Amino acid sequence: MTDNDALRERIAGELSAARDRTSYLTTAVDEADLVRQHSPLMSPLVWDLAHVANQEELWLLREVGGLTPIHPEIDPLYDAFEHPRSKRPTLPLLAPGEARGYGHEVRGRVMDLLEKTRFDGTRLTDGGFAFGMIAQHEQQHDETMLATHQLRVGPPVLSAPPPPALLDAVTLPAEVFVPGGPFTMGTSTEPWALDNERPAHVVDVPPFYLDTTPVTNAAYAAFIADGGYDDPRWWTADGWAHRQRAGLEAPLFWRWEGEWVRVSFGVALPIIPNEPVLHVSWYEADAYARWAGRRLPTEAEWEKAARHDPVSGRSRRYPWGDFDPTPEVANLGQRHLRPALAGSYPLGAAPSGARQLIGDVWEWTSSDFLPYPGFTAWPYKEYSEVFFGPEYKVLRGGAFGVSPVACRGTFRNWDYPIRRQIFAGFRTARSASLETA
Ligand SMILES: [Fe+2]
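The numbering used here applies: residue 1428 is where the sequence shown begins, and numbers increase by one.
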C-alpha cells in the first residue's frame, strides 16, 4: 500500500466515523425533536445535519474538486456567520429527509473525488488537509449536537457504558510540578492542525504546580457550601456582575434536592463526588480557583504540562507520546457520555504526572484567545482570526464528547466566559516561586 492509499483509507475511515455519529445523534430523536430548538444557544439538530453537508460540498466538491454547486441557493441558510443560532429555526431549512438526502449525495461524490485526489500540489490537498478539516468539522458539530441533547428536555434517548473503573487515584499527589524553562508550543508539522495551532514557537514558562486531575464535583460542592457564590472576593468584577445577573448558584444541570443532583442526558442522579465537575463557566472556574488560593493555568502552562518531555526536550503530540488516542489513554469520542473519575487513565499521563489532560472535560485556561507569533489565516479568516481578542477564553484538551480526530495536544478551543452548555471543567495551578506568583 502506498502512502497515498494509506492516507485515503484513513480519510475514508474518519469521514465515515463522523457520519455514523451524526446519524446516531439525529436518529435518536423523532422528526419533531430534530426541527425544534432546544435552547436559544443551539441550532435545531436539522440545521447541523445540512450544515455539515453544505460545508463538505463547499470545501471538498467545489474547492478541491472544482465541481458545480449542487444546491447553491441553500448556501446562505447554512452559513454560520449569516444567521445566529437563535434565529436559525425561523429559516426555510431543509426538512430532515431532504437534509439526509443532501448529505448522502455530497458524501457519495466526495468518495469518488477521494479516489482521484493526489495529496500534494495544492495547500488544500497537502497531507489530505481539506478532507481532515471536514472530518473534524463534522465531529465538532457532533459535539455541538451532543450539547444540544444535553439541553433537550424529555425522556432519555442516548445511552453509553460508563467509563472504565479507576485503579490508583487515591495514591495520587494533589498537584504535579512542572519545571521552568522553554518549550515548543503549537505545531508546524501536524498535517490536519488548524491555523490557530500554528506555527510552532518557543515559549519560556516559569516553574509552576498544576492539579494532577481536573477539579472534582466534591471539591466544587465544597466551594458552594463555603458560600463561594455569595462572596464577591472570589470573583472578578465582570464575573460577579454576571453571577448576580444570571442568578448562578451551582454548575448548569445541578439542582439541590437535599443533596446535589445532576441531570445528564435526561437522567437525574446524585453527583458522583470524584468525577470532574462539568458545565461551569470561565467565571465560575476562575472564582473557584481564587477561593482555593490558586489560579487557572495559562494556556502555555497547560500545553507545557501536557506535551513537554523533559528528557528529550521536545514536545510530544499528546501527553502519553506521539501515537493517536486509544481507549486506553483517553476518554474521547462519545464512547462514554460522562467524564471518567478524576485520576483515571494512568496510561495517558503526561511526563509531568498530570492525568486526563486530553479527554473527559474541556479545561478553561486563564488565557484570551490570541494568535501565535507568525499566525496566518488558513484556509479562511472566519475559522479563527475573527474570534481573536479578549472576549474569548481558551479551553484545552477536549472532552468525552470530542472525537480523537478533532483533539490534539495543540488543539485550541475558545468560548465566552459566561458559557456553560459546553462540556467544560477546569484544573487549577499555582506559581512555584514568589517572583512569578
Ligand atoms: Fe460549522
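By construction, the Cβ of each residue, glycine as well, lies at the ideal position given by its N, Cα and C atoms. On a predicted model such as this, the values are computed, not experimentally measured, just so you know.
- Beta-carbon to beta-carbon, Arg1722 and Ala1856 are separated by about 6 Å, close enough to satisfy the 8 Å threshold.
- When distances are taken from the beta-carbon of His1763 to the heavy atoms of ligand 1, even the shortest one reaches 7 Å or more.
- Along the region 1552-1627, the alpha helix (DSSP H) occurs as fully enclosed runs of 4 or more residues at 1556-1578, listed in sequence order.
- In this structure, the straight-line span from the alpha carbon of Ala1695 to that of Ala1455 is close to 19 Å.
- The three-state reading of DSSP puts Thr1643 in strand, counting E and B together.
- Under the 8 Å Cβ criterion, the region 1798-1815 does not count as touching the region 1673-1692, having fewer than three qualifying pairs.
- Ala1522 and Leu1487 have their C-alpha atoms some 23 Å from each other.
- Listed in chain order, the non-local C-beta contacts of Pro1600 below 8 Å within the same chain comprise Thr1639, Gly1780, local neighbours out to five positions each way being set aside.
- A distance criterion of 7 Å places the beta-carbon of Ala1574 beyond contact range of ligand 1, judged by its closest non-hydrogen atom.
- A Cβ-Cβ contact shorter than 8 Å links Arg1741 with Thr1611.
- Judged by DSSP in its simplified three-state form, Pro1700 adopts coil rather than helix or strand.
- Distance from Arg1839 to Val1813 at the Cβ level is roughly 15 Å; contact not present, criterion being Cβ atoms closer than 8 Å.
- Not one heavy atom of ligand 1 lies closer than 7 Å to the C-beta of Ala1732.
- Judged by the Cβ position, Gln1482 qualifies as a neighbour of ligand 1 at the 7 Å threshold, a heavy atom of the ligand being closer than this.
- In the structure shown, Lys1820 falls within a strand segment according to DSSP collapsed to helix, strand and coil.
- Annotated as proximal: Trp1718 and Phe1650, with beta-carbon spacing under 8 Å.
- Taking the Cβ of Ala1445 as the reference point, every heavy atom of ligand 1 lies at 7 Å or farther away.
- For Ser1794, the enclosing beta strand (DSSP E) has its first and last residue at 1789-1796.
- Taking the C-beta atoms as reference points, Pro1641 is found nearer than 8 Å to Asp1787.
- Arg1762 counts as exposed, since fewer than 16 other beta carbons sit within 10 angstroms of its beta carbon.
- By the neighbour-count definition (other C-beta atoms within 10 Å, threshold 16), Leu1452 is a buried residue.
- Contact annotation: the region 1433-1441 touches the region 1541-1555, with at least three C-beta pairs closer than 8 Å.
- With 16 or more neighbouring CB atoms inside 10 Å of its own CB, Arg1835 falls in the buried class.
- Shown here, Ser1742 sits in a strand according to DSSP, grouped into three states.
- The criterion of a C-beta distance shorter than 8 Å is not satisfied by Val1688 and Leu1637.
- Val1690: member of the beta strand (DSSP E) spanning 1687-1691, first to last residue.
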